[in-house]
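Below: one structure, written as structure tokens.
There are 2 protein chains.
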Amino acid sequence: MNINELDTPVVVIDLDKVEANIKKLQVYLDKYGIANRPHIKTHKIPEIARMQLKAGAKGITCQKLGEAEVMADAGIDDILITYNIMGNAKLQRLTQLASRIKLRVTADSEFTVRGLSDACSAAGVETGVMVEFESGTQRCGVQTPAEAAALARLIVALPGLRFDGLMTYPTTEKTGPFVKETRTLLAADNISIPRVSGGGTPRMWEAHTWKEATEHRAGTYVYGDRRTVAYGAMTYEEVAMRVITTVVSRPTPDRGILDGGSKTFSSDLSGLEGHGYMLEYPDATIYAQSEEHGHVDFSRCRNQPQIGERVTVIPNHTCVVSNLFNQVVGVRGNTVELIWPVSARGAVQ
Amino acid sequence: MNINELDTPVVVIDLDKVEANIKKLQVYLDKYGIANRPHIKTHKIPEIARMQLKAGAKGITCQKLGEAEVMADAGIDDILITYNIMGNAKLQRLTQLASRIKLRVTADSEFTVRGLSDACSAAGVETGVMVEFESGTQRCGVQTPAEAAALARLIVALPGLRFDGLMTYPTTEKTGPFVKETRTLLAADNISIPRVSGGGTPRMWEAHTWKEATEHRAGTYVYGDRRTVAYGAMTYEEVAMRVITTVVSRPTPDRGILDGGSKTFSSDLSGLEGHGYMLEYPDATIYAQSEEHGHVDFSRCRNQPQIGERVTVIPNHTCVVSNLFNQVVGVRGNTVELIWPVSARGAVQ
Chain V
159 MNINELDTPV VVIDLDKVEA NIKKLQVYLD KYGIANRPHI KTHKIPEIAR
209 MQLKAGAKGI TCQKLGEAEV MADAGIDDIL ITYNIMGNAK LQRLTQLASR
259 IKLRVTADSE FTVRGLSDAC SAAGVETGVM VEFESGTQRC GVQTPAEAAA
309 LARLIVALPG LRFDGLMTYP TTEKTGPFVK ETRTLLAADN ISIPRVSGGG
359 TPRMWEAHTW KEATEHRAGT YVYGDRRTVA YGAMTYEEVA MRVITTVVSR
409 PTPDRGILDG GSKTFSSDLS GLEGHGYMLE YPDATIYAQS EEHGHVDFSR
459 CRNQPQIGER VTVIPNHTCV VSNLFNQVVG VRGNTVELIW PVSARGAVQ
Chain G
159 MNINELDTPV VVIDLDKVEA NIKKLQVYLD KYGIANRPHI KTHKIPEIAR
209 MQLKAGAKGI TCQKLGEAEV MADAGIDDIL ITYNIMGNAK LQRLTQLASR
259 IKLRVTADSE FTVRGLSDAC SAAGVETGVM VEFESGTQRC GVQTPAEAAA
309 LARLIVALPG LRFDGLMTYP TTEKTGPFVK ETRTLLAADN ISIPRVSGGG
359 TPRMWEAHTW KEATEHRAGT YVYGDRRTVA YGAMTYEEVA MRVITTVVSR
409 PTPDRGILDG GSKTFSSDLS GLEGHGYMLE YPDATIYAQS EEHGHVDFSR
459 CRNQPQIGER VTVIPNHTCV VSNLFNQVVG VRGNTVELIW PVSARGAVQ
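Here the protein sequences come in this chain order: V and G.
Numbers in this note's numbering are just positions in the first sequence, counted from 1, shifted up by 158.
Numbers in this note's numbering are just positions in the second sequence, counted from 1, shifted up by 158.
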């Protein structure tokens, strides 16, 4: 089937580009001896996770326990969940998962660590725990090396847990000094830090400059998006995800309406102007969205589309687009090769 | 099961409130003789659509052909799709749908109308077509009464179509004058306007003041959200959708992190500050989101939550939250009564 026969809106994934993106980052990280542990939140597709592993990734990263279960069911056996997992329901599921794959999680509080220990020791399993620390994103993470060291000591002391190192997101200039200071504090207790996991796509090509990070978690790199291009980490030619839409209305000379809106692209502006980059009309601006309509200003375009014309959009943020579609279409050039269900979509818990 | 036993994040729907919301709008529209045609894009759940019909709605509104197919499969036989439907694949599905239910669609261009006519006449079915016109939202819709009249004449003239009136979104002060002028133009051709369909939740209680609109399409009213409350159309006590989340991290004295972010609430700010209203901590602000984390500022709260505590969020925009979850949980008070799959979720085409 030709790509032009697909009904719209549809997410197409250029398989050649996905393969090239996977290979490029792997080669780079291999060159510098950095372990590659891609984050599957971007694609949520076991088949792509397996491509990443086959290329040399040491394991994968998930953000939700439910995502990890889907990936484990698909045969993937080395998973890091970069999340504070808590509550009886999730802890029970976690111990079941830990009994069948190599599982690591992260924690930034005594509450999380004690919950993990109680559940794992009761179930007779061991789970690796990494201490999450703050590197500037102001999300989760302990704030000081002293807190990191205290939490590492607790993990070492409690049953059912294995201290697996430190984790942060994204890796920044603050990462190295934080790790060094934590290492010094833990050396007094003869506790070594087995690995330091950093992450992020925008600055992935700087990973070799952060000497303390031994592992890198990138997610978006596999597809790329407008934000990644704006940051300079990828080119539009490398971006593998596109959303094909149709111009369903031209109510005024300058305005065009697409059959995709916030339920197609999400509302993530990601700091950019407009809601995507239109390949056929690079001077057009998707200046607003309704749920099922994209509102486009074509006034700066020399040629303007007709009603019924198909236009191709590179979204601002690819991860949230994956999360809106039940399936994506894999293509090579203009030929449809496969359809992948977004299997871990909706695994919200 | 008690609501407190549900794992998080989870969308709960207060069934008493849904029933009250459905009844309240129905009673109001009945009082003024306005046909009620609720928009199911908010809930995407056939069971709720049936509740709306049972209460007195004349039919339902869908935004996507795929949504209408799901609703028709569930036995709903009177559907308006407020969208320009085009392209061979969709037009073929449309004629199949028109052969089994009472179907109406909208159009704002000759291109759309001719496509509908060609498909319907070839398939030997008749589809009702309403002309969509601009009432100030600057999305789709013809811009002038002259354009509306010309399109109505074309619909009347072409085979396979039935001219079913005018449609706009949302109803505003511009609606009445536009309709009157179009009616005058069409009277010369002995074409009457069988109905005028307006819509919107924020100004639904003004529907009786727009004399020309004979039908009202509201979607959000069934659940309500922070935006609807901000507009004054509903109170927080009436809002039926809540998202229960857990505080998974308290990295600093003022910051808390929830286990729900842009993949839970969407990024729709809807003109409001912050990403939701927290029932237990009304002075807290969800000032930022990552995909799976909500970043909360608790500095203005006298009491602050502990890690592991559950907090309840009323989202800014309920329709886009429904679109992120595979299922919602129906409750009465604190008792879980049922689980509804969001059946029309993902019906993107």
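C-beta atoms are modelled at their ideal positions from N, C-alpha and C, and glycine is treated no differently.
Per-residue DSSP class, three states only, for G/Val287: Looking up residue 287 of chain G in the second sequence gives position 129. Judged by DSSP in its simplified three-state form, G/Val287 adopts strand.
Between the segment 424 to 455 of chain V and chain G, which residues of the former have a C-beta closer than 7 Å to a C-beta of the latter? Contact annotation: in the segment 424 to 455 of chain V, residues whose CB is within less than 7 Å of a CB in chain G are Ser424, Ser425, Asp426, Ser448, Glu449, Glu450, His451 and His453.
Can you tell which of G/Ile351, G/Val287 and G/Ala371 has its C-alpha closest to the C-alpha of G/Lys510? Summary: the structure shown does not reach residue 510 of chain G, with chain G confined to residues 159 through 507, and so no result is reported for it.
Check whether the segment 443 to 454 of chain V and the segment 372 to 380 of chain V touch, using three or more Cβ-Cβ pairs below 8 Å as the test. The segment 443 to 454 of chain V, when compared against the segment 372 to 380 of chain V, does not touch it at the 8 Å Cβ threshold.
Using only the alpha-carbon positions, how far apart do G/Thr404 and V/Lys222 sit? Taking the first residue of the second sequence as 1, we reach residue 404 of chain G at position 246. Taking the first residue of the first sequence as 1, we reach residue 222 of chain V at position 64. Taking the straight line from one Cα to the other gives about 14 Å.
Verify the CB distance criterion: does G/Thr410 have a CB-CB separation below 9 Å to chain V? Stepping through the second sequence from its first residue, residue 410 of chain G is reached at position 252. Yes - at least one Cβ of chain V is within 9 Å of the one on G/Thr410.
Look up V/Glu163 in the DSSP assignment and say whether it is helix, strand or coil. Translated into positions along the first sequence, residue 163 of chain V becomes position 5. Looking at V/Glu163 - three-state DSSP - the assignment turns out to be helix.
May I ask you to report which of helix, strand or coil DSSP gives V/Trp498? Taking the first residue of the first sequence as position 1, residue 498 of chain V is located at position 340. DSSP places V/Trp498 in strand when its eight states are reduced to three.
If you count every other CB in all the chains shown that lies within 10 Å of the CB of V/Val263, and 16 or more means buried, which is it? The residue given as residue 263 of chain V occupies position 105 in the first sequence. A buried status is given to V/Val263, since no fewer than 16 other beta-carbon atoms sit within 10 Å of its beta-carbon.
Run through chain V and tell me which residues come within less than 7 Å of G/Asp522, C-beta to C-beta. Chain G is shown only over 159 to 507; residue 522 of chain G falls outside these bounds and no answer can be derived.
Is any beta-carbon of chain V found at less than 9 Å from that of G/Gln507? Translated into the one-based positions of the second sequence, residue 507 of chain G becomes position 349. Cβ-Cβ to chain V under 9 Å: yes for G/Gln507.
Tell me the rounded alpha-carbon separation between V/Leu312 and G/Arg468. Numbered from its first residue, the first sequence carries residue 312 of chain V at position 154. Numbered from its first residue, the second sequence carries residue 468 of chain G at position 310. Those two C-alpha atoms are separated by around 25 Å.
Taking a Cβ distance cut-off of 9 Å, strictly less, list which residues of the segment 278 to 297 of chain V are near chain G, in chain order. Within the segment 278 to 297 of chain V, the qualifying residues are Glu290, Glu292, Thr295, Gln296 and Arg297.
Interface residues of chain G around V/Thr166 at Cβ under 8 Å? Reading the first sequence from its first residue, position 8 is the one you call residue 166 of chain V. Going along chain G in sequence order, the residues near V/Thr166 (Cβ under 8 Å) are Gly245 and Gln507.
On the three-state DSSP scale, how would you describe V/Glu450? Within the first sequence, residue 450 of chain V is the residue found at index 292, counting from 1. Here V/Glu450 carries a coil assignment [DSSP, helix/strand/coil].
Could you check how far apart the C-beta atoms of V/Asp417 and V/Val478 are, in whole angstroms? I think they sit under 8 Å. Position 259 of the first sequence, counting from 1, holds the residue named residue 417 of chain V. Position 320 of the first sequence, counting from 1, holds the residue named residue 478 of chain V. Contact between V/Asp417 and V/Val478 does not hold, since their C-beta atoms are separated by about 18 Å, which reaches or exceeds 8 Å.
Where V/Ile415 meets chain G, residues with beta-carbon distance less than 7 Å: Position 257 of the first sequence, counted from the start, is the residue given in the question as residue 415 of chain V. Contact annotation for V/Ile415 against chain G: Arg297 and Cys298 [CB-CB distance below 7 Å, chain order].
Quick one: does V/Lys248 have its CB under 9 Å from some CB of chain G? Taking the first sequence and counting its residues from 1, the one referred to as residue 248 of chain V is at position 90. Taking Cβ atoms only, chain G reaches closer than 9 Å to V/Lys248, which makes this a yes.
Since V/Leu309 contacts V/Ala280 with CB under 8 Å, what's their CB separation in whole angstroms? Numbered from 1 along the first sequence, position 151 holds the residue referred to as residue 309 of chain V. Numbered from 1 along the first sequence, position 122 holds the residue referred to as residue 280 of chain V. The distance from the Cβ of V/Leu309 to that of V/Ala280 is about 21 Å, inconsistent with a contact at the 8 Å cut-off.
What are the residues that DSSP puts in a beta bridge with V/Lys260? Position 102 of the first sequence, counted from the start, is the residue given in the question as residue 260 of chain V. Paired residues: V/Asp236.
Shortest alpha-carbon distance to V/Tyr190 belongs to which of V/Trp368, V/Gln250 and V/Val454? Counting from one through the first sequence, the residue named residue 190 of chain V turns up at place 32. Residue V/Trp368 is the option with its Cα nearest to V/Tyr190.
Expressed to the nearest angstrom, what Euclidean distance is found between the alpha-carbon atoms of V/Met159 and G/Ile237? Start at 1 with the first residue of the first sequence, and residue 159 of chain V comes out as number 1. Start at 1 with the first residue of the second sequence, and residue 237 of chain G comes out as number 79. Taking the Cα positions, V/Met159 is about 32 Å away from G/Ile237.
Are the C-beta atoms of V/Asn492 and some chain G residue less than 9 Å apart? The residue given as residue 492 of chain V occupies position 334 in the first sequence. No, V/Asn492 does not count as interfacial toward chain G.
Continuous alpha helix (DSSP H) assignments of at least 4 residues falling wholly in the segment 281 to 359 of chain V: You should have 303 to 315 and 333 to 345.
Given this structure, state the Cα-to-Cα distance separating G/Asp347 from V/Trp498, to the nearest angstrom. Reading the second sequence from its first residue, position 189 is the one you call residue 347 of chain G. Reading the first sequence from its first residue, position 340 is the one you call residue 498 of chain V. Near 53 Å, if we compare the C-alpha coordinates of V/Trp498 and G/Asp347.
Kindly indicate if chain V contains any beta-carbon less than 9 Å away from that of G/Ile465. Mapped onto the second sequence, residue 465 of chain G falls at position 307. Closer than 9 Å to the CB of G/Ile465 there is at least one CB belonging to chain V.
Using three-state DSSP, classify V/Cys220 as helix, strand or coil. Taking the first sequence and counting its residues from 1, one reaches residue 220 of chain V at position 62. V/Cys220 falls in the strand class under three-state DSSP.
Taking C-beta to C-beta, are V/Val380 and V/Asn194 nearer than 9 Å? Mapped onto the first sequence, residue 380 of chain V falls at position 222. Mapped onto the first sequence, residue 194 of chain V falls at position 36. No. Outside cutoff.
Starting from V/Val170, find everything on chain G with Cβ-Cβ shorter than 9 Å and list it in chain order. For the purposes of this step, residue 170 of chain V is identified with residue 12 of the first sequence, where counting begins at 1. Correct list: empty, because the minimum Cβ distance to chain G is about 13 Å.
Pair every Cβ in the segment 482 to 500 of chain G with every Cβ in the segment 169 to 178 of chain G, then say whether three or more of these pairs are closer than 8 Å. Using a Cβ-Cβ distance cut-off of 8 Å, the segment 482 to 500 of chain G and the segment 169 to 178 of chain G are in contact, since at least three pairs of beta carbons, one from each stretch, lie closer than that value.
V/Glu290 classed as buried or exposed, judged by whether at least 16 other C-beta atoms fall within 10 angstroms: Counted from its first residue, the first sequence places residue 290 of chain V at position 132. Only buried fits V/Glu290, as 16 or more other CB atoms lie within 10 angstroms of its CB.
Does the segment 426 to 440 of chain G touch the segment 196 to 213 of chain G, meaning 3 or more C-beta pairs lie closer than 8 Å? Contact between the segment 196 to 213 of chain G and the segment 426 to 440 of chain G is absent, because fewer than three Cβ pairs lie under 8 Å.
Can the beta-carbon of V/Ala505 be found closer than 9 Å to that of V/Glu227? In the first sequence, the residue the question calls residue 505 of chain V occupies position 347. In the first sequence, the residue the question calls residue 227 of chain V occupies position 69. It is a contact, given that the beta carbons lie within the stated cut-off.
Return the Cβ separation of G/Thr240 and G/Tyr327 in integer angstroms, given the expectation that the two are a contact with Cβ distance under 8 Å. For this step, residue 240 of chain G is matched to residue 82 along the second sequence. For this step, residue 327 of chain G is matched to residue 169 along the second sequence. The C-beta separation of G/Thr240 from G/Tyr327 comes to about 7 Å, placing the pair in contact by the 8 Å criterion.
For a contact defined as C-beta to C-beta under 9 Å, what are the partners of G/Phe483 on chain V? For the purposes of this step, residue 483 of chain G is identified with residue 325 of the second sequence, where counting begins at 1. What G/Phe483 touches in chain V: Gly504 and Val506.
Among the residues of its own chain, which have a CB less than 8 Å from the CB of G/Pro352, if the five just before and after it don't count? In the second sequence, counting from the first residue as 1, residue 352 of chain G sits at position 194. Same-chain partners within the cutoff: Phe321, Asp322 and Gly323.
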